Amino acid sequence: MPATITFHPLGNADCAVFQLADARLAVFDFADVRNPEDNTDRRCDLDAELRSALRRAGQGRVAVLCITHIDDDHCHGIGDTFRLDHRASYPGENRIGVDELWVPAAAILETGLKDDAALVQREAMHRLRQGRGVRIFSRPDPLRPHLLGRGINIDGKRHLFVDAGTCVPGFSLDEAEGCEFFVHSPFASKQTDGSYIDRNANSIVLQAVFREGARDSRVLLASDVTHEALGDIVGISEANNNAHRLEWDLLKLPHHCSYLSIGPERGAGDKATVPTSKTKRLFENYRADNAVIVSTSKPIPEAGTKEDRDVQPPHRQAANYHRSQGRGVSFRVTMEDPSVARPKPFAYKFTALGVAPALAAPDAAARTARSNPRAG
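Residues 1 to 376 in my numbering are what the sequence shown lists, from first letter to last.
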């Protein structure tokens, strides 16, 4: 069975769900941001969509929940949907179990967190103390003083840490899951003592590879990193003979199609954002023919509108750059489907011939009542 990736219409928020070749699900970011009391809200019911995906896959829990960084638009609602082991009791039933939680070191180091970001941190710390069910993306030693101050000795827990430039343990192209996850970021050199954390610069960036027959399809998941961070990734990969780890057939754009993930200047009018030399190589030289680019964002604004003048993404000039990548390159926006009143999730499958659109899944929101109401 070919693996698939599904993207969800969530406005400027992220969730991508892989169904692996062995039917297990790996969830990258989770932001259930739809207001169920607003009938005009066009975003999907992410809780219902994930439960529907689990039923179709015949799974009772997710294999991986990766929170690339702990901004609210990447973790909103996890306390309502997922069973968190650090909690002694739950106000709701039927929560979704998680085999492995993946977080960047910044999620451990940051202080003063609230709401769902605090839940991610407490769950990661609990699993780290237990010595199982978590992957911390960092070298362990930079975190040693911070963790010792919280009563955690990393000796004996080094297997739970994953450094940039390596693959996440437990996944293989030659096993039933037919996939691997190569870590580009965060870098050990980017870690601090927690007094100041740049979440975007320290977020998890991965190349996921899926094998079907003799074909490997590559997905670049770029979180919310800036052009500076992408430039570091390109430079380090090329210097360490890992340039093939920059190749991609499908790209999840960073930061909801922000120009700052391409270059320092937005671009005026209808001009496209100008990339730096390194982001140009990433977006153009390492791109496969007939590649797919996905912007997890609101619709690209039209010229002259209020949205077009907004400092927040998506930026029309950034979209102009990505749309200019030549024939055969597909550019899709999760919230952009003028043919329907409410956009639906869309998926791609990784076949022996490459990346191809998958048949639309049933509309979970139309068929399923929310089985796990939010806690008051």
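Cβ atoms here follow ideal geometry from the backbone N, Cα and C, with glycine treated the same way.
Note that the coordinates shown come from a computational prediction; the quantities given were computed from them, not determined experimentally.
Between valine 168 and arginine 135, the gap from beta carbon to beta carbon is short of 8 Å. Scanning its chain for C-beta atoms nearer than 7 Å, with the 5 sequence neighbours on each side dropped, one finds around serine 172 the residues Glu180, in chain order. Of the residues assessed, lysine 114 falls on the exposed side of the cut-off, its CB having fewer than 16 other CB atoms within 10 angstroms. Rounded to whole angstroms, leucine 20 and glutamate 177 show a C-alpha spacing of 6 Å.
Shortest Cα-Cα distance from glutamate 284 to any of Arg327, Gly269, Met125, Arg266 involves Arg327. In the structure shown, aspartate 116 falls within a helical segment according to DSSP collapsed to helix, strand and coil.
Separation of the CB atoms of aspartate 270 and alanine 319 is rounded to 11 Å, and the pair is thereby denied contact status at 8 Å. Residues of the same chain with a CB within less than 8 Å of the CB of alanine 63, apart from the 5 flanking positions on each side, are Leu20, Arg24, Leu25, Ala26, Asp99, Glu100 in chain order. Judged by DSSP in its simplified three-state form, glycine 328 adopts coil rather than helix or strand. When DSSP reads this structure, phenylalanine 137 sits in a beta bridge with Pro104, Val162. Residue state for cysteine 15 is assigned as coil, using DSSP reduced to three classes. By the Cβ test, the stretch 251-261 is not in contact with the stretch 206-215, since fewer than three Cβ pairs between them sit closer than 8 Å. At a Cβ-Cβ threshold of 8 Å, cysteine 257 and serine 223 do not count as neighbours. The residue among Trp102, Arg56, Gln121 with its C-alpha nearest the C-alpha of phenylalanine 161 is Trp102. Contact check for alanine 13 and histidine 76: beta-carbon distance about 7 Å, within the 8 Å limit, so the pair qualifies. Here the C-alpha atom of glutamate 336 lies approximately 7 Å from the C-alpha atom of proline 343. Excluding its 5 nearest sequence neighbours in each direction, asparagine 202 has C-beta neighbours in its own chain below 8 Å: His69, Pro104, Ala105, Ala106, Ser185, Pro186, Lys190, Gln191, listed in chain order. It is roughly 37 Å from the alpha-carbon of alanine 243 to the alpha-carbon of leucine 148. Counting every other CB atom within 10 Å of its CB across the protein chains shown gives valine 355 a total of 16 or more, marking it as buried. Short of 6 Å from the beta carbon of proline 264, and not among the five residues preceding or following it, lies no beta carbon of its own chain.
Burial state of histidine 159 is exposed, judged by a 10 Å Cβ sphere holding fewer than 16 other Cβ atoms. Taking a 10 Å sphere around the C-beta of proline 314, we find 16 or more other C-beta atoms and assign the residue as buried. Within the model, the alpha-carbon separation for threonine 40 versus histidine 74 is close to 22 Å.
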